[in-house]
Amino acid sequence: MKRNWIRIFIALILFIPIGFLQVSIDYSKKLENLESNILLMPGQVAGSLVLSGFKGLAADLLWLNIENYWHSGQHYKMLPLFEAIAWLQPNYIVVWAVGGWHMAYNVFATVRSRGENFYEEFKKMEENIKEKNLKEKAKRIVEEIKVLIEGLARDYEKTDKKIEEYFDITDKCLVEIEEFKKNKKLYEILYGMINVPVEMVFWYRNGISFLKKGIAYNPDRYDLYFELGWTYYHKGRDYPNAVRYLEKAIKFPHPEYVDDVLAHAYEKNGQIDLAIKQWEKLLGTSFDSIAKRAIETLKKGEPFTP
C-alpha cells in the first residue's frame, strides 16, 4: 500500500509540470478566440490513467496547503497550487472562480495592509532623520506612494495604460531612494513601501490571468466570463474589458444579475444607448423596478450608476 502511494506521488510530480507548460502554450494560442473544444494537455490522458481515482484527493490536499499558506502569509506559494488544482480539475468552475477572486481581492488587500505597516514604521523613525532635505524627500516619496496605494485599493483604473503610469511613479521613486542606502533601515522601509503598489498590481493581474485560463477550459458556460467581467468592472474599473467579457457571458444561459451588471458596465463605459437597451431587457423580471428607474434616469441624461 505504501509503495502505491509513493508511485502516485511520483506520478503527480512528473505530470503537473508538463501540464503547466501546455496550459501556457494553449492559453497563448487559443485564449482570444476561446475555442469551444476542451484543451487537452500532453500527459493528461496518461496522467488520468495513472492517477485514476486519486485526482480529487490530490486536489483536496493542495487546497489544504493553500489554506496553510494563506494563514501564514506565504502568498506567493499559493499561485502554483491554484494552477495545480486547476490542472487536476480543469472543468470545476469553483477552482477558477475562487482562485481568481483570492488573488485579485484577498491577497491584493493583504499586500495593501503591508503598505500601512511600512507607513507606520516610517512615521516612527521620521524624527531620527537629521538632514532636513533628506527628511523632506523621504516624506514626499512616502506620501506619494501612500496616495497610489490607497487609490489602487479604492477607485483607480487598472487598465494597462494606467498601470504603466503607476509604474512610472514607482520606478521614479526607486531611483530617488538610492541616496538613502547609507541608512539601511530607512532604505528598507522606503523600498518595501514602493513595492507595495507593484505587488498589488501583480496579484490583480494574476487573478485576471487565472480567470482567463479558466475560460479557455470552460468556454461554453457563462460563469467565468461573468467572474472576469465583474473583476474588471468592480476591482479594475476597466470598463471596456468589463463590457467585453460580460457580453460574452450573456451568450450562454445565465441568471438575471449578469444582465444587470452589463447594463451598469455599459453606462460606465459611456455606452448609454446600449445601457438603456440592456435595462429594457430586464423589464418584467425581478429587476423590473430598478430597470424602470435606470431607464428614466438615463433618458434624462443623468447618471444612474454611482
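For the sequence shown, this note's numbering gives the first residue as 2, with consecutive numbering after it. By construction, the Cβ of each residue, glycine as well, lies at the ideal position given by its N, Cα and C atoms.
Asked, Found
"Boundaries of the alpha helix (DSSP H) in which E248 is found, first to last residue", "Y240 to A250"
"First and last residue of the uninterrupted alpha helix (DSSP H) at V259", "E257 to K269"
"Neighbour-count burial assignment, T306, 16 or more Cβ in a 10 Å radius", "exposed"
"N- and C-terminal bounds of the alpha helix (DSSP H) containing A276", "I273 to K282"
"Exposed unless 16 or more other CB atoms sit within 10 angstroms - verdict on K236", "buried"
"Under 7 Å between C-beta atoms of A266 and L247", "yes"
"Minimum C-alpha distance to A110 - residue among R294, V197 and K301", "V197"
"Cβ shell of T160 (< 7 Å), same chain only, five flanking positions each side left out", "D239"
"Span of the alpha helix (DSSP H) around I150", "K133 to A154"
"Straight-line Cα distance separating Y93 from T232", "19 Å"
"Cα-Cα separation between D260 and R245, rounded to whole angstroms", "13 Å"
"Candidates L283, N242, Q272 and L275: closest to P378 by CA position", "Nothing about residue 378 can be reported from this structure: the residues present for the chain run from 2 to 307 only."
"Per-residue burial, N69 [other beta carbons within 10 Å of its own, 16 or more giving buried]", "exposed"
"CB of I150 within 7 Å of CB of G116, strictly", "yes"
"Beta-carbon proximity of E228 to A60, cut-off 7 Å", "no"
"Simplified DSSP state of T171, which is helix, strand or coil", "helix"
"Residue span of the alpha helix (DSSP H) that contains F181, given as start and end", "Taken as a continuous stretch (DSSP letters only), F181 belongs to no alpha helix (DSSP H), as it is neither H nor E."
"The alpha helix (DSSP H) enclosing F305, as first and last residue numbers", "Segment: none, F305 is in no alpha helix (DSSP H) and carries neither H nor E."
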